[in-house]
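Presented below is the structure to which this report refers.
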DNA sequence: CTGAAAGCGCTTACAG
DNA sequence: CTGAAAGCGCTTACAG
């Protein structure tokens, strides 16, 4: 291993544009022009080729700090997400990072854990960024970040009014869930809600309520839990212990559905024979559950990718339009007609 | 929203140390000294205080690019992991990022998805980093990254020979699993192996084989699958279809165990009555499964944290020792004595 | 105790 | 077509 700062023969191990210039017998500015792809019409093709070859041979890579200082730019953007451990946000990150890298940008994730920016012991990276993409939060939570080009993801119309936004059409997804269950014959629903004050969950809850209300004879009870298996089990249990218990549990999230499975099993209810259960998101756990979970697939990676594209457009002075990405109902084996009988 | 480069009253919106100097009536070097905390004995306390107050009032933050250029440092390190979507690596990231932030370092994750560095379309971020932490890979996979201070995580003794390393004591963990099952009375084991050529999985497999071999009457069959539910189900199924089928399935990973659950259910086997199953890692899915999974908890966050600490030490010229973090057997309800009978 | 100056490695007018 | 020079905003000898 050779350390970055090490010198070989009294010379810096990492060549600069000056070194390339010297080796190629041209001026440093010519090197910069050529490698910055601004040479056509200003440098002869032969010289350009020589410079390129010399740079390649010496393994030259421009110094990012110098470039950033000169240009007043950092080529890095901040991705603000509630948590990186949830597979959903991992996918958002991948989508964003992929588009970013294609455009020579780096993505730094913040905050690195579940602690919010406020009161966080973490150094504030917002000093060295060109823009911000925030997912699944309110504009309010972004106050600590100061002014910077901003794109909001999965944050609803309020955020969309203040910044270019990419959302999911979660209401459509939820309506598809209710329609699917209604078509199977269900009328008594339980909503296992995420106890998280975010637009995306309010929208899911409102859409479920509206869709059930539009159903002749439809009823909906609700219990909220944290997005965590045991809290969800407890919430779902409350619904299942109702005197007139629901025949279908609509969960705001796949992990919540895992908790609903536990609550059902604890009561000797078999899914989907005695109880139908649905999730939302379609993360890996949906297919790990037994029976596999009927859920709404949210294109998380696409969300990140489109968010980054919008930020890129914003950075270039454009006005990217806000948009909504459709979800897709994925019917698996956790849903079936309600049990016949007195229910 | 105000863009970073915007000017107000013909003046750059973001103050520099020169602005602070002018406002405080001192030289720019004094500002730098004071804010860099190198002023004691060189600047009078009164002046220092005045500078600090002025900087605060103007909302001054040093320009990172200028600082990096001058210092030849970037204050960012690369975290190279196989994938960010696996909850395990999310935890590693959090641990590393937490320690990094406490020391004013940023962490950039690479590669942003499952594609390896080789042939990846992603820009190479290794041009602007101070060091690298790589988790769960071979030194070989790091060839593209050139020389940089390096710490290896969860990569075994071969890596530890070349760089400071933090590993898990996975062999101990696997021995604890076998001992636990043996104490329950199991003798016929199946090993659902991860089809991943990494030290950590080879070590798990070898430790399981050795521990079972040391058991009077112990037998071990093996089947490998990708770390993905359906592939795991298929691998576990092969083991369960053996003429003399195992009474316990030892899985290299919790997700593999989820597949084993499916294989068992598909054959009408009830866990743990007819079959015991164990996992490894203790990620969220372990508790989402029904019954909850007996597994080995690997302190992933601690791995990231200790890795970053080691890198910090390395960056300061030290020689951090390699070390191994103990796992912990977590006994839940997926393990029980083997069924009595001809088995 | 304080300031003027050099220089990190780039990009980009500007002059020729 | 090519080069000399300025300057981005810092840190750190150096001079006083």
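Chains as they are written, first to last, in the UniProt record's numbering: chain D, 1 to 343; chain E, 1 to 343.
A virtual CB, placed ideally from N, CA and C, is assigned to each residue, including glycine.
What you are looking at is a predicted structure, and each value in this text was computed from that prediction instead of being measured.
Handout entry: Closest residue to residue 250 of chain E among E:269, E:241, E:221 and E:230 (Cα-Cα distance)
Key = Taking residue 250 of chain E as reference, the option from E:269, E:241, E:221 and E:230 with the minimal CA-CA separation is E:221.
Exercise for the section: Indicate whether the contact test is met: 3 or more Cβ pairs, each with one atom in the stretch 309 to 329 of chain D and one in the stretch 16 to 29 of chain E, closer than 8 Å. Expected result: No, they do not touch.
Exercise for the section: For residue 81 of chain D, collect the residues of the same chain with a Cβ closer than 6 Å to its Cβ; drop the 5 residues on either side in sequence, then sort them by chain order. Expected result: Contacts found: 89 and 135.
Practice task
Assuming residue 295 of chain E contacts residue 282 of chain E (C-beta within less than 8 Å), just tell me the rounded distance between them.
Solution key: Here residue 295 of chain E really is in contact with residue 282 of chain E; their C-beta atoms are around 5 Å apart, less than 8 Å.
Handout entry: Through-space distance from residue 238 of chain E to residue 244 of chain E, alpha-carbon basis
Key = For residue 244 of chain E and residue 238 of chain E, the distance between alpha carbons rounds to 12 Å.
Problem - Beta-carbon proximity list for residue 104 of chain E, same chain, < 7 Å, skipping 5 on both sides - result: Around residue 104 of chain E: 75.
Problem - Contacting residues, own chain, Cβ-Cβ under 7 Å from residue 263 of chain E (five flanking each side not counted) - result: For residue 263 of chain E, where only same-chain residues beyond five positions count, the Cβ hits under 7 Å are 233, 236, 237 and 240.
Problem - For residue 17 of chain E and residue 35 of chain E, the rounded distance between their alpha carbons - result: Rounded to whole angstroms, residue 35 of chain E to residue 17 of chain E spans 9 Å at the Cα level.
Exercise for the section: Please list the segments of the beta strand (DSSP E) lying wholly inside the stretch 194 to 270 of chain E, counting only runs of 3 or more residues, in order along the chain. Expected result: Runs of the beta strand (DSSP E) spanning 3 or more residues and lying entirely within the stretch 194 to 270 of chain E occur at 219 to 225 and 248 to 251, in chain order.
Problem - residue 326 of chain E beta carbon less than 7 Å from that of residue 185 of chain E - result: Cβ atoms of residue 185 of chain E and residue 326 of chain E: not closer than 7 Å.
Problem - Cβ-based burial, residue 20 of chain E [other Cβ within 10 Å; buried from 16] - result: Buried.
Handout entry: residue 355 of chain E to residue 188 of chain D span [Cα, whole Å]
Key = An answer regarding residue 355 of chain E cannot be provided, because it is not within the stretch 1 to 343 covered by chain E.
Exercise for the section: Run down chain E in chain order and give the residues with a C-beta less than 7 Å from the C-beta of residue 285 of chain D. Expected result: Going along chain E in sequence order, the residues near residue 285 of chain D (Cβ under 7 Å) are 285 and 288.
Problem - Backbone secondary structure at residue 171 of chain E - three-state DSSP - result: Of the three classes helix, strand and coil, the one that applies to residue 171 of chain E here is helix, per DSSP.
Problem - Start-to-end residues for the beta strand (DSSP E) that takes in residue 135 of chain D - result: 131 to 135 is the extent of the beta strand (DSSP E) around residue 135 of chain D.
Handout entry: Proximity below 7 Å, CB of residue 73 of chain D to CB of residue 140 of chain D
Key = Not closer than 7 Å, so no.
Handout entry: Contacts that residue 60 of chain D makes with chain E (C-beta to C-beta distance below 9 Å)
Key = Simply none; closest approach about 10 Å.
Exercise for the section: Would you mind giving the Cβ-Cβ distance between residue 173 of chain D and residue 195 of chain D, rounded to the nearest angstrom? I have them listed as a contact below 8 Å. Expected result: Actually they do not touch by this definition, with Cβ atoms about 20 Å apart.
Handout entry: Helix, strand or coil at residue 328 of chain D according to DSSP, with G and I counted as helix
Key = Residue state, collapsed to three classes: strand.
Problem - Distance, residue 97 of chain D Cα to residue 63 of chain D Cα - result: Roughly 21 Å between the two C-alpha positions.
Exercise for the section: Using beta-carbon positions only, say whether residue 166 of chain E and residue 70 of chain E come within less than 7 Å of one another. Expected result: Result no, Cβ atoms of residue 166 of chain E and residue 70 of chain E do not sit closer than 7 Å.
Exercise for the section: Please decide whether residue 265 of chain D counts as near chain E, where near means a Cβ-Cβ distance under 7 Å. Expected result: Cβ-Cβ to chain E under 7 Å: yes for residue 265 of chain D.
Handout entry: Nonlocal neighbours in the same chain, by C-beta distance under 7 Å from residue 246 of chain E, ignoring five residues either side
Key = Taken in chain order, the residues that qualify are 188, 189, 190, 221 and 239.
Handout entry: Short Cβ contact (7 Å threshold) for residue 85 of chain D with residue 291 of chain E
Key = No.
Problem - Sequence-distant residues of the same chain with beta carbon closer than 8 Å to residue 169 of chain E, five excluded per side - result: Counting only residues of its own chain and dropping the five nearest sequence neighbours on each side, residue 169 of chain E has a CB closer than 8 Å to the CB of 324, 325, 326 and 327.
Exercise for the section: Quick one: list the residues of chain E neighbouring residue 262 of chain D, beta-carbon separation under 7 Å, in chain order. Expected result: Result: 290.
Practice task
In angstroms with no decimal places, state the Cα-to-Cα distance between residue 271 of chain D and residue 132 of chain D.
Solution key: Rounded to whole angstroms, residue 271 of chain D to residue 132 of chain D spans 43 Å at the Cα level.
Problem - Sheet register partners of residue 189 of chain D (DSSP bridge) - result: According to DSSP, residue 189 of chain D bridges with D:220 and D:248.
Handout entry: Distance cut-off 6 Å: residue 102 of chain D Cβ against heavy atoms of the ligand HEM
Key = The ligand HEM is not part of the structure shown, which contains no ligands of any sort.
Problem - Listed by chain order, chain D residues near residue 74 of chain E by CB distance under 8 Å - result: Near residue 74 of chain E (Cβ distances below 8 Å), the residues of chain D are 64 and 65.
Problem - residue 294 of chain E, DSSP secondary structure in three states - result: Residue state for residue 294 of chain E is assigned as strand, using DSSP reduced to three classes.
Handout entry: Short Cβ contact (7 Å threshold) for residue 109 of chain E with residue 150 of chain E
Key = Judged by beta-carbon spacing, residue 150 of chain E lies beyond the 7 Å limit of residue 109 of chain E, meaning their Cβ atoms are not closer than that value.
Handout entry: Every unbroken beta strand (DSSP E) within the stretch 15 to 80 of chain D, with a cutoff of 3 residues, ordered by chain
Key = Taken in chain order, the unbroken stretches of beta strand (DSSP E) that lie wholly in the stretch 15 to 80 of chain D and span 3 residues or more are 76 to 80.
Handout entry: Backbone secondary structure at residue 275 of chain D - three-state DSSP
Key = Note: residue 275 of chain D maps to coil in three-state DSSP.
Problem - Rounded distance between the beta-carbons of residue 293 of chain E and residue 279 of chain E, thought under 8 Å - result: The beta-carbon distance between residue 279 of chain E and residue 293 of chain E, rounded to whole angstroms, is 5 Å. This is short enough to meet the 8 Å contact definition.
Problem - Residues that residue 256 of chain D contacts on chain E, provided the C-beta gap is smaller than 9 Å - result: Chain order gives no chain E residues near residue 256 of chain D, where near means a beta carbon separation below 9 Å; the closest approach is about 11 Å.
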